[in-house]
Amino acid sequence: MKYVDEFRDAALAQGIARAIAAEARPGRRYNFMEFCGGHTHAISRYGVADLLPENVRMIHGPGCPVCVLPIGRIDQAIQLALRHGAILCTYADTLRVPASGGLSLMRARARGGDIRMVYAVSDALAIARAHPHKEVVFFAIGFETTTPPTAVAIRQACAEGLANFSVLCCHVLTPPAIMSILESPEVRELGSVPLDGFIGPAHVSTVIGSRPYEFFAEEYRKPVVIAGFEPLDVMQAILMLVRQVNAGVARVENEFTRAVTREGNAKAQALVAEVFELRKRFEWRGLGEVPYSALQIRAEYAAFDAERRFDLDYTAAPDNKACECGAILRGVKRPLDCKLFGTACTPETPMGACMVSSEGACAAHYTYGRHKDIEVVA
Ligand code: SF4
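Taken in order, the sequence shown gives residues 155 to 532; the numbers are from this note's numbering.
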């Protein structure tokens, strides 16, 4: 298979769907979590859930970087632009996430904040070079996939002596989030869902490899299948999970062999380790505070750490009470369980983070009309 179309072949997908239906045992339920927002997007876009038998259920996980960012972190970014007068650079989706006081980065821009959308952290570096008399802060979000470029930018800024560039580091880590879903008493208190296995992330795993998931398979007896983002990848991963459950085994399997190895990308890992270290605690939307689940900039690069440079404190802020994003990110609720879905909350008027990014469960459901299918069936 060389071309992407071959991973979207309808006849092959139906063949795998028949195999899943034949092998999923009647009388048993199979609850699998797709951790990553990219898989959530693919499942909605290609109607993967519609091809599955009734007793095989896919549950959305917390793997959408914009969705898990808590309001308190967006508030910090707004503070940098409005109070400290910095040029704040970030990715497009982050601009629309609701923050405290009815604000968002977009609305803060309307109030005079110099907030700019960038496609890559290198754009923020270019802005810093072009405006040597202004502070320029890159609002860095995302999982292990987006962390190496931020590390490269900090090293570059250091090498150039770029004194007006810094990073508000909100990079988070996949394995501690999975662990939190499986065992954290706080998450249990908030409500969690019984799971029989995970579809492991695609892009994240190209960096960290498949090895970090072996712990979950061994310690928690949960099968993990790492899968690519195409519909056939996801279908094949579901079949592999059903087979593991039926056989009573819990292993890490790699469906995405065209990009993921057991060891991952050693060069990227070394870069990240040079610039970042673990944070003791980090708040996630939906999961609460998760120990050692995020990164902070090492003391050697403290000059490029916006939190130290601007002496920022972190204050947690509550989500909109009617928004169910937290429960959706834990897999306890689905987008349709939210009263605001498709009415007050749409991709044009997001009330919560899960409706902002295309990887968010609510946005994926809305964009691909999954809610309409369900209405028709009902
Ligand atoms: S539909 Fe909107 S308000 Fe409801 S959970 Fe999703 S993002 Fe939150």
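Cβ atoms here follow ideal geometry from the backbone N, Cα and C, with glycine treated the same way.
The beta carbon of Val222 sits closer than 6 angstroms to the beta carbons of Pro216, Trp438, Arg439 from its chain, once the five residues preceding and following it are set aside; these are given in chain order. According to the DSSP assignment, Val399 belongs to no beta strand (DSSP E) but to the alpha helix (DSSP H) extending over 385 to 401. Annotation: the continuous alpha helix (DSSP H) that includes Gly192 extends over 191 to 199. For the 8 angstroms CB-CB criterion, Pro207 and Ile174 form a contact.
In terms of Cα proximity to Met333, the closest of Arg462, Lys376, Tyr522, Val272 is Lys376.
Fewer than three pairs of CB atoms, one per stretch, sit closer than 8 angstroms, so the stretch 189 to 205 makes no contact with the stretch 487 to 498. Checking the 7 angstroms criterion, the Cβ of Leu494 is within range of a heavy atom belonging to the ligand SF4. Boundaries of the alpha helix (DSSP H) harbouring Thr360: 357 to 362, taken from the DSSP string. If only complete runs of 4 or more residues are kept, the stretch 402 to 443 shows the alpha helix (DSSP H) at 420 to 429, in order along the chain. Taking all protein chains shown into account, Glu372 has fewer than 16 neighbouring C-beta atoms within 10 Å of its C-beta and is therefore exposed. Considering only Lys434, Tyr455, Glu454, the residue with the shortest C-alpha distance to Tyr446 is Lys434. When the alpha-carbon of Ala460 is set against those of Gly514, Ala264, Ala240, the nearest one is in Ala240. Annotation note: the stretch 290 to 352 contains the following uninterrupted beta strand (DSSP E) runs of length 3 or greater, listed N- to C-terminal: 290 to 296, 319 to 325.
Taking C-beta atoms under 8 angstroms as the contact rule, Ala246 and Met212 fail to qualify, at a distance of about 27 angstroms. DSSP places Thr244 in the uninterrupted beta strand (DSSP E) bounded by 241 to 244. For Gly226, the uninterrupted alpha helix (DSSP H) segment begins and ends at 225 to 236. Using a cutoff of 7 angstroms, the CB of Gly363 does not count as near the ligand SF4, since none of the ligand's heavy atoms is closer than that. Comparing alpha carbon positions, the residue from Arg365, Tyr455, Asp473 closest to Arg309 is Tyr455. Where Pro252 is concerned, there is no enclosing beta strand (DSSP E), because DSSP gives it neither an H nor an E. Excluding its 5 nearest sequence neighbours in each direction, Glu289 has C-beta neighbours in its own chain below 6 angstroms: Ala240, Asn318, listed in chain order. With a threshold of 16 other beta carbon atoms within 10 Å, His519 meets it and is buried. The residue from Ala424, Pro385, Ala476 with its alpha-carbon nearest to that of Arg162 is Pro385. Spanning the alpha carbons of Cys477 and Val321 requires a straight line of approximately 29 angstroms. Collapsing the DSSP output to three states places Glu502 in coil. A distance of 8 angstroms or more separates the beta carbons of Phe495 and Gly351. With distances taken between CA atoms, Ala356 lies nearest to Tyr367 out of Arg463, Tyr367, Leu349. For Leu279, the enclosing alpha helix (DSSP H) has its first and last residue at 275 to 284.
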